[in-house]
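In my numbering, the protein residues as written are 6 to 289.
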């Protein structure tokens with residue numbers, strides 16, 4: 006009887022210390038990864054709701070360079086910006102609206118917004134590396150041309166001296182168009198609506214901006230399928246997954262312990278099995 010009590014006490018202490026060890030191990034493992042959906046907060050910026058997968062660029066901390074949201078989806082709401090501003094390809098675009106139900110992002114070129122009665126498109130928006138796409142019209146501008154371009158429409162208010170700016174709608178320019186040496190620059194601008202651009206009504210289209218559709222980022226698929234929210238660390242260049250349990254994982258939240266009770270249950274079962282095995286050995 007005394008031997009059985011001694012064995013039982015030994016395994017009870019063994020279970021206690023092993024449980025304590027694993028609890029400390031879990032806690033220490035979560036110290037550096039402690040973050041949560043609290044780090045994916047919603048906010049309002051000049052009437053625009055900022056929610057995942059978008060994030061506040063002005064809240065980004067370079068000393069702790071990780072954020073919850075898609076790459077290129079940071080929105081600047083700092084005081085020196087009169088409008089919510091996004092930089093998907095390094096150039097500034099004003100955010101008119103975000104439709105989270107239909108995944109629509111409405112943007113206006115900042116330069117077009119501030120150039121008064123005659124907006125000039127200055128940026129080519131390349132979307133190949135971003136989870137963005139568009140189904141709008143495109144205006145291909147050719148600036149400061151010394152000679153007319155075949156089939157092009159003139160942008161009269163952009164005339165500079167004897168040089169004229171021309172544009173084509175939706176890639177209508179000839180495939181063999183030779184504009185080098187005739188025009189200074191080509192810029193493709195996106196506009197929201199298809200319309201007749203015969204006169205100067207392209208100005209309203211430029212000011213109206215354009216709409217992009219965003220889609221789920223391929224590198225965030227595993228994370229979002231595990232009900233996490235995707236993020237990124239600019240220092241390590243690693244994609245992160247912000248999980249509901251308050252941790253940040255790599256790739257996905259699968260296998261994340263909701264709490265340490267599962268570990269304790271497992272250890273207790275091991276304790277019972279070990280105790281029964283030991284009692285059987287001593288009884289024989």
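Where is the CB? At the ideal position from N, CA and C, for every residue including glycine.
None of these values were measured; they are calculated from a predicted model.
The alpha carbon of residue 258 has as its nearest neighbour, out of 239, 241, 233, 251, the alpha carbon of 233.
Cα atoms of residue 224 and residue 195: separation of roughly 27 Å, rounded to the nearest angstrom. The C-beta distance from residue 118 to residue 100 rounds to 11 Å, too long to meet the 8 Å contact threshold.
A residue is called buried when at least 16 other Cβ atoms come within 10 angstroms of its Cβ; residue 226 does not meet this threshold and is exposed. Beta bridge pairing from DSSP links residue 86 with no other residue. Pairing residue 120 with residue 221, the inter-Cα distance amounts to about 34 Å.
Taking each of 166, 74, 188 in turn and checking the Cα distance to residue 150, the smallest one comes out for 188. The stretch 91-107 makes contact with the stretch 48-58, as at least three CB pairs between them are under 8 Å.
Taking 4 residues as the shortest admissible run, the stretch 171-251 contains the following complete alpha helix (DSSP H) segments, listed from N- to C-terminal end: 207-213, 226-230. Residue 211 places its beta carbon less than 8 Å from that of residue 126. Counting C-beta atoms within 10 angstroms of its own C-beta, residue 177 has fewer than 16 neighbours from the protein chains shown and is therefore classed as exposed. With respect to residue 71, residue 182 sits apart: the two C-beta atoms are not nearer than 8 Å.
Per DSSP, the unbroken alpha helix (DSSP H) holding residue 118 starts and ends at 115-119.
Ranked by Cα distance from residue 59, the first of 256, 142, 94, 236 is 236. Residue 242 is classed as exposed because its beta carbon has fewer than 16 other beta carbons within 10 Å across all chains shown.
Under DSSP, residue 49 forms a beta bridge with 54. Under the criterion of beta carbons closer than 8 Å, residue 193 and residue 110 do not qualify as touching, at roughly 18 Å. If the five residues before and after residue 191 are omitted, its C-beta is found closer than 6 Å to the C-beta atoms of 147, all from its own chain and listed in chain order. DSSP places residue 135 outside both helix and strand once states are collapsed to three, so it counts as coil. With contacts defined as CB atoms closer than 8 Å, residue 155 and residue 179 qualify as a contacting pair.
Excluding the 5 residues flanking it on each side, residue 48 has same chain C-beta neighbours closer than 7 Å at 55, 61, in chain order. By the Cβ-count criterion, residue 240 is exposed, with fewer than 16 other Cβ atoms from all chains shown falling within 10 Å of its own Cβ.
Contact between residue 93 and residue 144 is absent: CB atoms are separated by about 19 Å, not below the 8 Å threshold.
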